[in-house]
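First up is the structure itself, then whatever we jot down about it.
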Ligand SMILES: [Zn+2]
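Residue numbers (the numbering used here): 6 to 618.
Encoded structure:
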């Protein structure tokens, strides 16, 4: 009886907390970690206490953790994947052949025992008692002593040893810029259990998915190291390094090391980087969010670009606040580290910085991920197109404004990439799991380009204003949860009043393409033709003999509605019909489909007919 009452109140609470979804639940994990770093050996010892709350309706007999540093070992799934994929990441492999006849060698295969990465569990307790566990690659399987009942909590305590690998991908020691420690995916991290079950992918360097919770992390490291990362520093006067309040006295401890105490509420990851030669700069952004910058004090041409970055980052923050929703944390850090750019909780690791435009572009992209994947924490192993694609779309629009690029279609590159993939004949549906594409090339265009077009093309279908409202409402309703494609689709449907199931079905679940054509133009009779198998609504621009023009909109019947438009809305076009005829009042001399090029029509050559005398 007691349990039933508890469950009732839990469900009542969750229903209110997760507004839009009546039966939605999500797990919760609170971490307390104490980490002692041996910076010289690139090793660390960790103590971790995890309080895990089972909000699911299921009794759990096992729990699982990710041990992602174990991927950086010869023979790991990541290593084998590098040896079998046709186009391995150039950061992770060495080409011993030529450009024409490549012979790729995995860098992981060559790592020695003191160069590999690992997380070794030394002890593990459930509620104070030893518990049975086994390691399978990058997954730790824990057979609980006591099953975890719905609505109850358990405490898991472990001691572990870690070694930071030679920098291969995302994390490691001495990255390409010489940053000592890039600490991403570095701690034993509880796997997510959701409505689809346990999410247990072996780590092969792509995306991640985690459990929402609060982090309390203390890192002990040699005094000269500066740390940037997730979380608010609790003891700035005992650390200094640019975190301190200059008006107050520093209170540095004696001894070789400093203890950095961070707290991060409501996140699903904790990442940090450390280097003895970091410059640490701090500026305030909109709503008094502290923007921190950490970059190496070595190459003047790189330092110069990082010095100009804070002002742009302030603008980037304002742009996303306005167009997606208010950034809810008090801090964000742009940290030189990692390789390329990668998003984490309240921070990003970005390598390089020789080119200012690309440094700003990468910052805009990674910061946008704070909304699209971090706060709107879709499972990016499944719905990478909502992660990379939405980020690509919004960061391209942001760059257009912040860098004053004056592009009519900010994500036009996404269209070019997609057309290239279609021509290549290697398209795979966006239901393919992120790790399982046949090549990195196809994954990249699918996630970034096709995902970004998903939004701009949605704007074409429901109207740009409705798209803008959808993004704001989606964030408002689903932040701090794990939304799915259906959640986004339903938001767009409710905002626009237009049915969109067909759009997800064609664009995401299939590789069917869009190709419409103007079939004929006879005085005041226009015949349009659907050649590709994906149906769409059409915007049609007509020029008359007298020089005047008229715009038409032909909704797809399956939409059961149309976007708000100044154009003359014609009768809807059922997808089963291949041709569509309409009459104009005056004699037409020119017809053009989709004059703004928002529709990803794979053959635009046939979109226009012009009568010449
Ligand atoms: Zn990204």
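The C-beta atom is built at its ideal place from N, Cα and C for all residues, glycine as well.
Inset, instruction - Go through its chain and collect everything with a Cβ distance to residue 553's Cβ below 8 Å, but skip five positions before and after it. - result: Within the same chain, residue 553 has close Cβ partners 591.
Legend entry - By C-beta, the residues closer than 6 Å to any heavy atom of ligand 1, given in chain order: That query returns the following residues: 370, 374, 393, 396.
Legend entry - residue 188, enclosing beta strand (DSSP E) - first and last residue: Taken as a continuous stretch (DSSP letters only), the beta strand (DSSP E) holding residue 188 covers 186-188.
Inset, instruction - Determine contact between the segment 204-222 and the segment 375-390, defined as no fewer than three beta-carbon pairs at a distance below 8 Å. - result: The segment 204-222 is in contact with the segment 375-390.
Legend entry - Proximity below 8 Å, CB of residue 199 to CB of residue 31: A contact, by the Cβ cut-off of 8 Å.
Legend entry - Option nearest residue 114 by Cα separation, candidates 170, 60, 157: Comparing alpha carbon positions, the residue from 170, 60, 157 closest to residue 114 is 170.
Inset, instruction - Indicate whether residue 236 and residue 268 have their beta-carbon atoms separated by less than 8 Å. - result: Between residue 236 and residue 268, the gap from beta carbon to beta carbon is short of 8 Å.
Inset, instruction - Taking 8 Å as the threshold, find out whether the segment 152-172 comes into contact with the segment 57-74 through three or more Cβ pairs. - result: Three or more Cβ pairs closer than 8 Å define a contact, and the segment 152-172 meets that threshold against the segment 57-74.
Legend entry - Neighbourhood of residue 611 by C-beta distance below 6 Å, restricted to the same chain and skipping five residues each side: Close CB contacts of residue 611 within its chain, under the 6 Å cut and outside five residues either way in sequence, are with 522 (chain order).
Legend entry - Separation of residue 40 from residue 276, as counted between CA atoms: Cα to Cα, the separation comes out at about 13 Å.
Inset, instruction - Could you name the residues that DSSP lists as bridge partners for residue 77? - result: Its beta-bridge partners do not exist; DSSP assigns none.
Legend entry - Rounded C-alpha distance that separates residue 91 from residue 439: Taking the straight line joining both Cα atoms gives about 16 Å.
Inset, instruction - Output the residue ranges of the alpha helix (DSSP H) runs that lie fully inside the segment 328-391 and measure 4 residues or longer, sorted by chain position. - result: Counting only runs of 4 or more, we get 361-373.
Inset, instruction - Return the CA-CA distance between residue 525 and residue 608, expressed in angstroms with no decimal places. - result: Going by the C-alpha atoms only, they are around 17 Å apart.
Legend entry - Integer Cβ distance of residue 223 from residue 265, believed to fall under 8 Å: About 7 Å; that satisfies the 8 Å criterion.
Legend entry - Reduced DSSP category for residue 609 - H, G, I as helix; E, B as strand; rest coil: Helix, per DSSP.
Inset, instruction - Measure the beta-carbon distance from residue 455 to residue 507 and round it to whole angstroms, keeping in mind my assumption that it falls under 8 Å. - result: Taking 8 Å as the upper bound for CB-CB distance, residue 455 and residue 507 are not in contact here, some 17 Å apart.
Inset, instruction - Using only alpha-carbon positions, find the residue among 248, 272, 243, 365 that is nearest to residue 258. - result: Distance check between residue 258 and each of 248, 272, 243, 365 places 243 closest, using alpha-carbon atoms only.
Inset, instruction - Output the distance between the C-alpha atoms of residue 35 and residue 486, rounded to the nearest integer angstrom. - result: Our two residues, residue 35 and residue 486, have alpha carbons roughly 16 Å apart in a direct line.
Inset, instruction - Spatial neighbours of residue 410 within its chain, please: CB distance less than 8 Å, with the 5 preceding and 5 following residues excluded, ordered by chain position. - result: Counting only Cβ-Cβ distances below 8 Å, and skipping sequence neighbours, we find 404.
Inset, instruction - Kindly indicate which three-state DSSP category residue 442 falls into: helix, strand or coil? - result: Here residue 442 sits in coil by DSSP.
Inset, instruction - Spatial neighbours of residue 558 within its chain, please: CB distance less than 8 Å, with the 5 preceding and 5 following residues excluded, ordered by chain position. - result: Take residue 558, set aside five residues on each side of it, and the residues of its chain with a beta-carbon closer than 8 Å to its own are 542, 543, 544, 545, 567, 568, 570, 572, 573, 574, 575, in chain order.
Legend entry - Candidates 605, 339, 93, of which the one nearest residue 461 by Cα: Of the listed residues, the one whose Cα sits closest to residue 461 is 605.
Inset, instruction - Please list the segments of the beta strand (DSSP E) lying wholly inside the segment 539-606, counting only runs of 3 or more residues, in order along the chain. - result: Here the runs fully enclosed are 543-549, 554-559, 584-588, 593-598.
Legend entry - Exposed unless 16 or more other CB atoms sit within 10 angstroms - verdict on residue 99: Under this definition residue 99 is an exposed residue.
Legend entry - DSSP three-state assignment for residue 496, whether helix, strand or coil: In the structure shown, residue 496 sits in a helix (DSSP, three-state: H, G or I).
Inset, instruction - Under 8 Å by Cβ, that's how I've got residue 459 and residue 399 pegged, so tell me the actual separation to the nearest angstrom. - result: Between the beta-carbon of residue 459 and that of residue 399 there is about 12 Å, and that puts the pair past the 8 Å contact cut.
Legend entry - Cβ pair residue 292, residue 327 closer than 8 Å: Taking C-beta atoms as the reference points, residue 292 and residue 327 fail to come closer than 8 Å.
Legend entry - For residue 474, the first and last residue of its enclosing alpha helix (DSSP H): Counting along the chain, the unbroken alpha helix (DSSP H) around residue 474 starts and ends at 469-483.
Inset, instruction - Kindly list the residues whose CB is nearer than 6 Å to the CB of residue 587, restricted to its own chain and excluding five residues on each side of it in sequence; keep chain order. - result: Within the same chain, and ignoring the five residues on either side of residue 587 in sequence, the residues whose Cβ sits closer than 6 Å to its Cβ are 531, 575.
Legend entry - DSSP-derived helix/strand/coil call for residue 231: Here residue 231 carries a strand assignment [DSSP, helix/strand/coil].
Legend entry - Proximity of residue 184 and residue 301 at Cβ, strictly below 8 Å: In contact: residue 184 and residue 301 (Cβ atoms closer than 8 Å).
Inset, instruction - Could you check what DSSP says for residue 183 in three-state terms: helix, strand or coil? - result: It is coil, neither helix nor strand.
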